[in-house]
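To keep things clear, I will list the structure first and then write my remarks on it.
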Amino acid sequence: DGGITQSPKYLFRKEGQNVTLSCEQNLNHDAMYWYRQDPGQGLRLIYYSQIVNDFQKGDIAEGYSVSREKKESFPLTVTSAQKNPTAFYLCASSIRPVYSNQPQHFGDGTRLSIL
Amino acid sequence: AQSVTQLDSHVSVSEGTPVLLRCNYSSSYSPSLFWYVQHPNKGLQLLLKYTSAATLVKGINGFEAEFKKSETSFHLTKPSAHMSDAAEYFCVVSSPNTGNQFYFGTGTSLTVIP
Chain A
111 DGGITQSPKY
121 LFRKEGQNVT
131 LSCEQNLNHD
141 AMYWYRQDPG
151 QGLRLIYYSQ
161 IVNDFQKGDI
171 AEGYSVSREK
181 KESFPLTVTS
191 AQKNPTAFYL
201 CASSIRPVYS
211 NQPQHFGDGT
221 RLSIL
Chain B
2 AQSVTQLDSH
12 VSVSEGTPVL
22 LRCNYSSSYS
32 PSLFWYVQHP
42 NKGLQLLLKY
52 TSAATLVKGI
62 NGFEAEFKKS
72 ETSFHLTKPS
82 AHMSDAAEYF
92 CVVSSPNTGN
102 QFYFGTGTSL
112 TVIP
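Listed in order, the protein sequences are those of chains A and B.
At the far end of the first sequence sits residue 225, using the numbering used here, and the numbering has no gaps.
At the far end of the second sequence sits residue 115, using the numbering used here, and the numbering has no gaps.
Written out as structure tokens, the structure reads:
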């Protein structure tokens, strides 16, 4: 079955540590997205990529970094510069959005906590 | 600018009674609108979408929504609630003038009382 796989499901970060969240999709989608979800808030866009080797900052990119070396993969690194990283992180993908209003498909998320 | 307002943060209904989750949007251009459902510790699942075709949109699990341009609303309804409907629901707007970026509401938590 096609879908989006996020790993790990739970992740713990120590002070001063960078951690990387994995996102893989086999839907052959061009566009991929990372969102952060905090209790009582909607999803906020961290980064997005519409094509391999290209990505754009979203609304809350500070303290995060991404890469898009393969169409299927869009890992997110939470750096030590992100002072409040505790949240639920969701990865999504869609058909390239520039020419269509297609829905985004979501993975099951990674919950990041601080030790 | 695009934005979404979900008018109720929490809604409680009894099993078997109708569900109404309210959503108002703001968009400079003809928007696309979506409803997603999220169960605890899970990702978002698409319920239905409106993309300038029929104004009454039918989705999965018996849900439907009506696009009302004059009221800038896209409320989600279901005739009869089931216990499995208890979840968080998100209304989302996107439009071509912002590269089809998604703008999420803050969510409505639906409780179904047996």
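Glycine included, C-beta positions come from ideal geometry on N, C-alpha and C.
**Study point:** Short-range partners of chain B found in the segment 128 to 142 of chain A, where Cβ spacing is below 8 Å
**Key:** none
Review point. Between B:80, B:65 and B:92, which lies nearest to residue 18 of chain B when the distance is taken from Cα to Cα?
Key: B:80
Exercise for review: Note down, in chain order, every chain C residue with its Cβ under 7 Å from the Cβ of residue 33 of chain B.
Suggested key: In the displayed structure, chain C is absent; the protein chains listed are A and B.
Exercise for review: Since I believe residue 206 of chain A is in contact with residue 160 of chain A (beta carbons under 8 Å), could you give me their beta-carbon distance rounded to a whole number of angstroms?
Suggested key: 6 Å
Exercise for review: Below 8 Å on the Cβ atoms is my guess for residue 109 of chain B versus residue 9 of chain B; work out the distance and round it to an integer in Å.
Suggested key: 5 Å
Check your understanding: Can we say the segment 32 to 48 of chain B touches the segment 85 to 105 of chain B, given the rule of at least three CB pairs closer than 8 Å?
Key -> yes
Review point. Could you give the distance in angstroms between the alpha-carbon of residue 144 of chain A and the alpha-carbon of residue 119 of chain A?
Key: 15 Å
Exercise for review: Would you kindly work out how many angstroms separate the C-alpha atoms of residue 30 of chain B and residue 4 of chain B, rounded to a whole number?
Suggested key: 12 Å
Point to revise | C-beta neighbour in chain A for residue 8 of chain B, strict 7 Å | key: no
Exercise for review: Show which residues of chain A have a CB atom less than 7 Å away from the CB atom of residue 25 of chain B.
Suggested key: Going along chain A, no residue has its Cβ under 7 Å from residue 25 of chain B, so there is no contact; the nearest lies around 14 Å.
Practice item. Hey, could you find the ends of the beta strand (DSSP E) residue 161 of chain A is sitting in? Key: 153 to 161
Exercise for review: Would you mind telling me which residues of chain A sit closer than 9 Å to residue 44 of chain B, beta carbon to beta carbon, in chain order?
Suggested key: 114, 116, 200, 201, 202, 215, 216, 217, 218 and 219
**Study point:** Partners in chain B for residue 155 of chain A, counting only beta-carbon separations shorter than 8 Å
**Key:** 102 and 103
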